[in-house]
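Chemist:
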Amino acid sequence: MTRRLAAMCSVSLFCLTSAANAIPEHAPRPGGTAVIAVAAANSDAAPIVMFDDKRVLVLRREDEWIAVIGIPLTQSIGPAKAIVRIVDQESSTITFEVKPYAYREQHLTVAKAYVDLTEEQLHRAGRERKIIDGALTNWRDVDLSDLSLLEPVAGRRSSSFGLRRFFNEQPRSPHKGMDVAADLGTPVIAPGDGTVTATGNYFFNGNTVIIDHGQGFVTMYCHLDEIGVEEGQHLTTGMPIGKVGATGRVTGPHLHFGTYLNGTAVDPALLLAPAD
Numbered sequence: 507m508t509r510r511l512a513a514m515c516s517v518s519l520f521c522l523t524s525a526a527n528a529i530p531e532h533a534p535r536p537g538g539t540a541v542i543a544v545a546a547a548n549s550d551a552a553p554i555v556m557f558d559d560k561r562v563l564v565l566r567r568e569d570e571w572i573a574v575i576g577i578p579l580t581q582s583i584g585p586a587k588a589i590v591r592i593v594d595q596e597s598s599t600i601t602f603e604v605k606p607y608a609y610r611e612q613h614l615t616v617a618k619a620y621v622d623l624t625e626e627q628l629h630r631a632g633r634e635r636k637i638i639d640g641a642l643t644n645w646r647d648v649d650l651s652d653l654s655l656l657e658p659v660a661g662r663r664s665s666s667f668g669l670r671r672f673f674n675e676q677p678r679s680p681h682k683g684m685d686v687a688a689d690l691g692t693p694v695i696a697p698g699d700g701t702v703t704a705t706g707n708y709f710f711n712g713n714t715v716i717i718d719h720g721q722g723f724v725t726m727y728c729h730l731d732e733i734g735v736e737e738g739q740h741l742t743t744g745m746p747i748g749k750v751g752a753t754g755r756v757t758g759p760h761l762h763f764g765t766y767l768n769g770t771a772v773d774p775a776l777l778l779a780p781a782d
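In this text, residue positions in the sequence shown follow the working numbering: the first is 507, and each later residue adds one.
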C-alpha cells in the first residue's frame, strides 16, 4: 500500500449525506456502520474489502470506492481493522475507531413456552437458526448505488435496535432489529429492490421473509400474519410481501424489521430514507 493511499484511508472516515442519504451515516459503534473511502475509483474494478473474515459491501461514489461495514453488537470498543484488496496492488489494512454506545434494557413478559424450551423445541430452533443464518450471510454480486430503504410498514416504532432484553426476567440476546407496532393485517412492503431468499414459519420469529438486496445487504421481516411472496421471487421497491401479525414469540401484533450488512445486524434507523 502506498503512503498516499494509507493517508487517504486514515482520514476518509466521514458522514456521507449525499442524495437522499443514499449511503448510511458513519456511525462507528457496536451495531452501527463504518462508512469509509477505501480507494480512488481509477477503474471499474471494485476493491474487495474484508472485515472479521467477511466480505463487505462496496459502492462507487463519484471518484472513490466506499466500503459500508456492519459492526457487530459484540464488537470491542477501540481500533478495528479491515483488509482492502485492489487489483494489481498489495493488500492493505485500514483502521477505524469503534466508539462506545449505551443501549437501554427492555423487560418483556411472554408465554412460558417461549422461554423454558423443551428439548424438541431447542432442536427445532437450532435447525431454523441454520436456515436463517444462511440467508442472512448470503453474498450476491450486484452493483449498488443507493442503500436507503423505505419504511416497510406504517406504524409506531415500539422497540428500538440494540435493547438488552429480558424475557420473563431472564436475560436474552440483544434486540437485533426495530419493532413497529401496527394493527393485525397491516400491509408490509419491500423497502428496496431485492430477491426473496427465505420464507417460513419459525419458532421464535413466526412467519418470516428474508430479502437479499445484494453484496451482503439483507433485510428480515418477522411475526407476519401472512406471507405474500415466495423464495426466489424478485421484488421491486414498494411491492407487498405480507401482513403484520403476532406469530412466534411476541407480546402483540407488530413487525420486527432487521437489517444486515456483512452478516451482522445493524440499526435499521441508519438505513431508512428520511421522511418527506
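Where is the CB? At the ideal position from N, CA and C, for every residue including glycine. Source: prediction; values computed, not measured.
Val702 and Pro658 look like a contact to me (Cβ under 8 angstroms); what is the Cβ gap, rounded to whole Å?
Modeler: Here residue 702 refers to the residue found at position 196 when the sequence shown is read from its first residue. Here residue 658 refers to the residue found at position 152 when the sequence shown is read from its first residue. Not really, about 14 angstroms apart at Cβ, beyond 8 angstroms.
Chemist: Does the separation of the CB atoms of Thr714 and Ile592 fall below 9 angstroms?
Modeler: The residue you call residue 714 lines up with position 208 of the sequence shown. The residue you call residue 592 lines up with position 86 of the sequence shown. No.
Chemist: Have a look at Thr770 and Leu563 and give me their C-alpha separation to the nearest angstrom.
Modeler: As a working note, residue 770 is residue 264 in the sequence shown. As a working note, residue 563 is residue 57 in the sequence shown. Approximately 12 angstroms, taken between the alpha carbons.
Chemist: Can you give me the Cβ contacts of Thr601 inside the same chain, cut-off strictly under 6 angstroms, excluding the 5 residues immediately before and after it?
Modeler: Taking the first residue of the sequence shown as 1, we reach residue 601 at position 95. Once the five neighbours on either side are set aside, the close Cβ partners of Thr601 are Pro585, Lys587.
Chemist: Below 9 angstroms between beta carbons: does that hold for Ala688 and Leu778?
Modeler: The residue given as residue 688 occupies position 182 in the sequence shown. The residue given as residue 778 occupies position 272 in the sequence shown. No, these two residues do not count as a Cβ contact at 9 angstroms.
Chemist: By Cβ distance, which residues of its chain are closer than 8 angstroms to Leu656, with the 5 residues on each side in sequence left out?
Modeler: Sequence index remark: in the sequence shown, residue 656 carries index 150 (1-based). Answer for Leu656: Ile695, Pro697, Gly698, Thr743, Gly744, Leu778, Ala779, listed in chain order.
Chemist: So the candidates are Arg635, Ile716, Asn644; which of them puts its Cα closest to the Cα of Val735?
Modeler: Counting from one through the sequence shown, the residue named residue 735 turns up at place 229. Nearest C-alpha to Val735: Ile716.
Chemist: How would you label Ala704, buried or exposed, when you count the other beta carbons within 10 angstroms and need 16 or more for buried?
Modeler: In the sequence shown, residue 704 corresponds to position 198, counting from 1. Answer is buried; the Cβ neighbour count reaches 16.
Chemist: Around the Cβ of Lys682, are there at least 16 other Cβ atoms within 10 angstroms (buried) or fewer (exposed)?
Modeler: The residue given as residue 682 occupies position 176 in the sequence shown. Its Cβ being crowded by 16 or more others within 10 Å, Lys682 is buried.
Chemist: Quickly, what does DSSP pair Asn707 with across the bridge? List them, please.
Modeler: Within the sequence shown, numbered from 1, the residue matching residue 707 stands at position 201. In DSSP, Asn707 forms a bridge with Asn713.
Chemist: For the alpha helix (DSSP H) that Ala631 lies in, which residues bound it at each end?
Modeler: Numbered from its first residue, the sequence shown carries residue 631 at position 125. From DSSP, the alpha helix (DSSP H) with Ala631 extends over 625–642.
Chemist: Do His532 and Ala540 have their C-beta atoms closer together than 9 angstroms?
Modeler: Position 26 of the sequence shown, counted from the start, is the residue given in the question as residue 532. Position 34 of the sequence shown, counted from the start, is the residue given in the question as residue 540. Yes, they are a contact pair.
Chemist: Between which two residues does the beta strand (DSSP E) holding Met726 run?
Modeler: By 1-based counting over the sequence shown, the position of residue 726 is 220. Residues 723–733.
Chemist: Of the residues His719, Leu730, Val750, Gly748, which one's Cα is nearest the Cα of His740?
Modeler: For this step, residue 740 is matched to residue 234 along the sequence shown. Nearest of His719, Leu730, Val750, Gly748 to His740, Cα basis: His719.
Chemist: Entirely within the segment 561–616 and at least 3 residues each: give me those beta strand (DSSP E) ranges in chain order.
Modeler: Listed in chain order, the complete beta strand (DSSP E) runs (minimum 3 residues) inside the segment 561–616 are 563–567, 570–576, 584–591, 598–604, 611–614.
Chemist: Name, in chain order, the residues that DSSP records as bridge partners for Arg662.
Modeler: The sequence position of residue 662 within the sequence shown is 156, counting from 1. Looking at the DSSP assignment, Arg662 forms a beta bridge with Ala687.
Chemist: Nearest-angstrom Cα distance between Thr725 and Gly764?
Modeler: In the sequence shown, the residue the question calls residue 725 occupies position 219. In the sequence shown, the residue the question calls residue 764 occupies position 258. Whole-angstrom Cα-Cα distance: 5 angstroms.
Chemist: Beta strand (DSSP E) containing Thr765: first to last residue?
Modeler: Counted from its first residue, the sequence shown places residue 765 at position 259. Run containing Thr765: 760–767, per the beta strand (DSSP E) assignment.
Chemist: Which residue or residues does DSSP assign as beta-bridge partners of Ala528?
Modeler: The residue given as residue 528 occupies position 22 in the sequence shown. The partner list for Ala528 (beta bridge, DSSP) is empty, contrary to what the question assumes.
Chemist: Could you give the first and the last residue of the continuous beta strand (DSSP E) run that contains Ala799?
Modeler: Residue coverage of the chain in this structure runs from 507 to 782, which leaves residue 799 outside it and unanswerable.
Chemist: Nearest to Tyr607 by alpha carbon, out of Pro578, Glu625, Thr624?
Modeler: In the sequence shown, residue 607 corresponds to position 101, counting from 1. Taking only the C-alpha atoms, the option nearest Tyr607 is Pro578.
Chemist: Is it buried or exposed for Ile583, if we count other Cβ within 10 angstroms and need 16 for buried?
Modeler: Looking up residue 583 in the sequence shown gives position 77. Burial call: exposed.
Chemist: Report the rounded CA-to-CA distance for Glu625 versus Ser665, giving the unit in angstroms.
Modeler: Numbered from its first residue, the sequence shown carries residue 625 at position 119. Numbered from its first residue, the sequence shown carries residue 665 at position 159. Cα to Cα, the separation comes out at about 30 angstroms.
Chemist: For Lys749, which beta-bridge partners are listed by DSSP?
Modeler: By one-based count along the sequence shown, residue 749 stands at place 243. Answer is Pro693, Glu732.
Chemist: Could you check whether Gly706 and Glu634 sit closer than 9 angstroms to each other, using their CB atoms as the reference points?
Modeler: As a first step, residue 634 must be located in the sequence shown, where it is residue number 128. As a first step, residue 706 must be located in the sequence shown, where it is residue number 200. A contact, by the Cβ cut-off of 9 angstroms.
Chemist: Looking at Pro759 and Gly748, is the spacing between their C-beta atoms short of 9 angstroms?
Modeler: Here residue 748 refers to the residue found at position 242 of the sequence shown. Here residue 759 refers to the residue found at position 253 of the sequence shown. Their beta carbons are not under 9 angstroms apart, which means Gly748 does not touch Pro759 by this criterion.
Chemist: Tell me the rounded alpha-carbon separation between Asp793 and Leu628.
Modeler: Here the chain covers residues 507 to 782 and nothing more, so residue 793 does not appear.
Chemist: For the beta strand (DSSP E) containing Thr770, list its first residue and its last residue.
Modeler: Along the sequence shown, one-based indexing puts residue 770 at 264. Taken as a continuous stretch (DSSP letters only), the beta strand (DSSP E) holding Thr770 covers 770–772.
Chemist: Do you know offhand how far Ala660's Cα is from Glu611's?
Modeler: Looking up residue 660 in the sequence shown gives position 154. Looking up residue 611 in the sequence shown gives position 105. Whole-angstrom Cα-Cα distance: 25 angstroms.
Chemist: Only counting the same chain, and skipping five residues up and downstream in sequence, which positions put a Cβ closer than 8 angstroms to that of Val517?
Modeler: Stepping through the sequence shown from its first residue, residue 517 is reached at position 11. Bear in mind that a pLDDT of 36 at Val517, under 50, signals an unreliable position, so the number given afterwards is only what the model happens to contain. Closer than 8 angstroms at Cβ, skipping near neighbours: no residue.
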